[in-house]
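Participant: For the sequence shown, the positions run -22 to -1, 1 to 125 when mature numbering (1 follows the signal peptide of the UniProt record, and there is no 0) is used. Would you mind keeping the following structure in view while I ask a few things?
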Amino acid sequence: MMRKLTAVALAITALTSSAVFAEISQDDFNNGLVTASANGSSVADFMLAQMTANPADSADILGFALLAANQDEAVITQVLQSAASSGMDPDDILAIAIANGVDPATVTSVLAETQTAAGGTFGAAPTPGGAGFGGGSGGGGGTISGN
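Dropping the structure here:
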(Lines of atoms letter the chains of each structure in order from A and count residues from 1; the text may use other names and numbers.)
(Lines give C-alpha, C1' and ligand atoms only; values in the text may rest on other atoms or scores of the structure.)
Protein backbone atom coordinates (compact mmCIF):
# COMPACT_ATOMS: atom_id res chain seq x y z
CA MET A 1 0.00 0.00 0.00
CA MET A 2 2.86 2.37 0.85
CA ARG A 3 4.48 1.82 -2.56
CA LYS A 4 1.21 2.68 -4.30
CA LEU A 5 0.86 5.87 -2.26
CA THR A 6 4.46 6.81 -2.99
CA ALA A 7 3.98 6.16 -6.70
CA VAL A 8 0.79 8.23 -6.77
CA ALA A 9 2.45 11.07 -4.87
CA LEU A 10 5.40 11.06 -7.25
CA ALA A 11 3.09 11.00 -10.27
CA ILE A 12 1.16 13.99 -8.95
CA THR A 13 4.40 15.81 -8.20
CA ALA A 14 5.71 15.07 -11.69
CA LEU A 15 2.50 16.37 -13.24
CA THR A 16 2.33 19.53 -11.17
CA SER A 17 6.00 20.46 -10.94
CA SER A 18 7.21 23.24 -13.15
CA ALA A 19 10.43 23.26 -15.13
CA VAL A 20 10.98 26.80 -13.78
CA PHE A 21 12.47 25.31 -10.61
CA ALA A 22 14.70 22.85 -12.42
CA GLU A 23 18.29 23.68 -13.28
CA ILE A 24 17.66 22.24 -16.73
CA SER A 25 14.52 23.24 -18.59
CA GLN A 26 12.71 21.22 -21.20
CA ASP A 27 13.91 23.68 -23.86
CA ASP A 28 17.52 23.28 -22.68
CA PHE A 29 17.12 19.50 -22.77
CA ASN A 30 15.58 19.53 -26.25
CA ASN A 31 18.24 21.90 -27.63
CA GLY A 32 21.00 19.74 -26.16
CA LEU A 33 19.33 16.64 -27.56
CA VAL A 34 19.29 18.13 -31.07
CA THR A 35 23.04 18.78 -30.82
CA ALA A 36 23.73 15.36 -29.29
CA SER A 37 21.66 13.61 -31.96
CA ALA A 38 23.61 15.40 -34.68
CA ASN A 39 26.76 13.96 -33.07
CA GLY A 40 25.33 10.43 -33.04
CA SER A 41 24.04 10.19 -29.45
CA SER A 42 20.70 8.56 -28.69
CA VAL A 43 18.01 10.04 -26.47
CA ALA A 44 18.96 7.50 -23.77
CA ASP A 45 22.68 8.33 -23.97
CA PHE A 46 22.02 12.07 -23.78
CA MET A 47 19.59 11.58 -20.89
CA LEU A 48 22.12 9.50 -18.94
CA ALA A 49 24.82 12.15 -19.47
CA GLN A 50 22.42 14.84 -18.24
CA MET A 51 21.46 12.76 -15.18
CA THR A 52 25.14 12.29 -14.36
CA ALA A 53 25.80 16.03 -14.71
CA ASN A 54 22.61 17.08 -12.86
CA PRO A 55 21.63 14.28 -10.44
CA ALA A 56 19.20 16.51 -8.54
CA ASP A 57 17.22 16.98 -11.76
CA SER A 58 17.05 13.28 -12.70
CA ALA A 59 13.27 13.12 -12.38
CA ASP A 60 12.74 16.10 -14.70
CA ILE A 61 15.35 14.80 -17.13
CA LEU A 62 13.63 11.40 -17.31
CA GLY A 63 10.33 13.13 -18.02
CA PHE A 64 11.91 15.25 -20.77
CA ALA A 65 13.49 12.15 -22.34
CA LEU A 66 10.20 10.26 -22.31
CA LEU A 67 8.51 13.19 -24.04
CA ALA A 68 11.33 13.31 -26.59
CA ALA A 69 10.82 9.59 -27.26
CA ASN A 70 7.49 10.58 -28.85
CA GLN A 71 5.78 7.26 -28.01
CA ASP A 72 8.48 5.26 -29.85
CA GLU A 73 8.52 1.97 -27.91
CA ALA A 74 12.17 1.17 -28.71
CA VAL A 75 13.36 4.61 -27.58
CA ILE A 76 11.20 4.46 -24.44
CA THR A 77 12.72 1.08 -23.57
CA GLN A 78 16.26 2.47 -23.98
CA VAL A 79 15.41 5.53 -21.88
CA LEU A 80 13.94 3.40 -19.08
CA GLN A 81 16.94 1.05 -19.13
CA SER A 82 19.31 4.02 -18.88
CA ALA A 83 17.32 5.51 -16.01
CA ALA A 84 17.52 2.20 -14.15
CA SER A 85 21.25 1.88 -14.83
CA SER A 86 21.77 5.40 -13.45
CA GLY A 87 20.66 4.10 -10.06
CA MET A 88 17.31 5.87 -10.07
CA ASP A 89 14.73 4.30 -7.77
CA PRO A 90 12.42 1.92 -9.71
CA ASP A 91 9.33 3.38 -8.01
CA ASP A 92 10.35 6.87 -9.15
CA ILE A 93 10.94 5.60 -12.69
CA LEU A 94 7.50 3.96 -12.72
CA ALA A 95 5.71 7.04 -11.41
CA ILE A 96 7.42 9.42 -13.85
CA ALA A 97 6.84 7.08 -16.79
CA ILE A 98 3.14 6.71 -15.96
CA ALA A 99 2.83 10.49 -15.58
CA ASN A 100 4.28 10.80 -19.09
CA GLY A 101 1.87 8.31 -20.67
CA VAL A 102 4.03 5.18 -20.71
CA ASP A 103 2.22 1.86 -20.24
CA PRO A 104 2.98 0.52 -16.74
CA ALA A 105 3.45 -2.98 -18.19
CA THR A 106 6.28 -1.67 -20.37
CA VAL A 107 7.97 -0.05 -17.39
CA THR A 108 7.60 -3.15 -15.23
CA SER A 109 8.99 -5.35 -17.99
CA VAL A 110 12.02 -3.13 -18.58
CA LEU A 111 12.76 -2.78 -14.87
CA ALA A 112 12.47 -6.54 -14.33
CA GLU A 113 14.89 -7.19 -17.22
CA THR A 114 17.32 -4.59 -15.89
CA GLN A 115 17.27 -6.03 -12.37
CA THR A 116 17.72 -9.57 -13.70
CA ALA A 117 20.60 -8.50 -15.93
CA ALA A 118 22.23 -6.70 -13.02
CA GLY A 119 21.88 -9.74 -10.79
CA GLY A 120 19.30 -8.17 -8.53
CA THR A 121 19.86 -6.84 -5.07
CA PHE A 122 19.17 -9.12 -2.21
CA GLY A 123 18.99 -8.44 1.49
CA ALA A 124 21.01 -10.25 4.08
CA ALA A 125 20.40 -13.96 4.54
CA PRO A 126 18.36 -14.96 7.59
CA THR A 127 20.26 -16.01 10.69
CA PRO A 128 20.67 -19.78 10.68
CA GLY A 129 19.63 -21.92 13.62
CA GLY A 130 16.67 -19.84 14.68
CA ALA A 131 14.07 -21.42 16.93
CA GLY A 132 10.97 -22.80 15.28
CA PHE A 133 9.21 -25.86 14.05
CA GLY A 134 10.39 -27.80 11.11
CA GLY A 135 13.73 -28.60 9.74
CA GLY A 136 12.61 -31.04 7.11
CA SER A 137 12.54 -34.11 9.32
CA GLY A 138 8.89 -34.30 10.27
CA GLY A 139 7.35 -37.31 11.91
CA GLY A 140 5.75 -39.95 9.83
CA GLY A 141 3.31 -42.75 9.92
CA GLY A 142 0.24 -40.53 10.19
CA THR A 143 1.24 -39.01 13.54
CA ILE A 144 1.37 -35.32 14.32
CA SER A 145 4.88 -34.14 14.90
CA GLY A 146 6.26 -30.94 16.36
CA ASN A 147 9.11 -31.03 13.86
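Backbone N, C-alpha and C define an ideal beta-carbon position, used for all residues, glycine too.
Look at the Cβ atom of Ala62, then the Cβ atom of Leu89, and state whether they are nearer than 8 Å.
Facilitator: As a position in the sequence shown, residue 62 is number 84, starting the count at 1. As a position in the sequence shown, residue 89 is number 111, starting the count at 1. It is a contact, given that the beta carbons lie within the stated cut-off.
Participant: If we ignore side chains and look at the alpha-carbon of each, how far apart do Asp23 and Ser60 end up?
Facilitator: Residue 23 sits at position 45 when you count from the first residue of the sequence shown. Residue 60 sits at position 82 when you count from the first residue of the sequence shown. Cα to Cα, the separation comes out at about 7 Å.
Participant: Classify Asn8: buried if its beta carbon has 16 or more other beta carbons within 10 angstroms, exposed otherwise.
Facilitator: To locate residue 8, count along the sequence shown from 1; it is residue 30. Flag for Asn8 reads exposed.
Participant: Using 10 angstroms around the beta-carbon of Asp50, count the other beta-carbons present and answer buried if the total reaches 16, otherwise exposed.
Facilitator: Sequence index remark: in the sequence shown, residue 50 carries index 72 (1-based). With fewer than 16 other Cβ atoms within 10 Å, it is exposed.
Participant: If Ser20 and Gln56 are in contact, beta carbons under 8 Å, what's the gap, nearest whole angstrom?
Facilitator: Stepping through the sequence shown from its first residue, residue 20 is reached at position 42. Stepping through the sequence shown from its first residue, residue 56 is reached at position 78. The Cβ separation is near 6 Å, so the contact holds.
Participant: Measuring alpha carbon to alpha carbon, tell me which residue in Ala46, Asp5, Ser36 is nearest Gly65.
Facilitator: Along the sequence shown, read from residue 1 onward, the residue named residue 65 stands at position 87. Closest option to Gly65, Cα to Cα, is Ser36.
Participant: Just to confirm the assignment, what range does the alpha helix (DSSP H) spanning Asn9 have?
Facilitator: For the purposes of this step, residue 9 is identified with residue 31 of the sequence shown, where counting begins at 1. Looking at the DSSP string, the run of the alpha helix (DSSP H) that includes Asn9 is 4 to 16.
Participant: Nearest to Glu91 by CA position, among Ile76, Asn78, Leu58, is which residue?
Facilitator: Here residue 91 is taken as the residue at index 113 of the sequence shown, counted from 1. Checked all of Ile76, Asn78, Leu58; the closest Cα to Glu91 is Leu58.
Participant: Give me the Cα-Cα distance between Val12 and Ala46, rounded to the nearest whole angstrom.
Facilitator: On the sequence shown, position 34 is the one that residue 12 refers to. On the sequence shown, position 68 is the one that residue 46 refers to. Distance between the alpha carbons of Val12 and Ala46 is about 10 Å.
Participant: Should Phe100 be labelled buried (16 or more other beta-carbon atoms within 10 Å of its own) or exposed?
Facilitator: Position 122 of the sequence shown, counting from 1, holds the residue named residue 100. Because the pLDDT of Phe100 is 49, which lies under 50, any placement of that residue in the model is unreliable, and the question is left without a value.
Participant: Going straight from the alpha carbon of Thr(-7) to that of Ile54, what length do you get?
Facilitator: Against the sequence shown, residue -7 aligns to sequence position 16. Against the sequence shown, residue 54 aligns to sequence position 76. Confidence at Thr(-7) is low in this model, with a pLDDT of 47, below 50, so the placement of that residue is unreliable and no value is reported for it.
Participant: So what does DSSP say about Gly41, is it helix, strand or coil?
Facilitator: Within the sequence shown, the letter at position 63 stands for residue 41. Gly41: helix per DSSP, three-state reduction.
Participant: Consult DSSP for Ser64 and reduce its assignment to one of helix, strand or coil.
Facilitator: Locating residue 64 in the sequence shown gives position 86, where the first residue counts as 1. Coil.
Participant: Could you pull out every residue in the same chain whose Cβ sits closer than 8 Å to the Cβ of Thr30, ignoring the five residues on either side in sequence?
Facilitator: As a first step, residue 30 is located in the sequence shown; it is residue number 52 there, counting from the start. Excluding positions up to five away in sequence, the list reads Ser64.
Participant: Just how far apart, CA to CA, sit Gln4 and Phe42?
Facilitator: To locate residue 4, count along the sequence shown from 1; it is residue 26. To locate residue 42, count along the sequence shown from 1; it is residue 64. Approximately 6 Å, taken between the alpha carbons.
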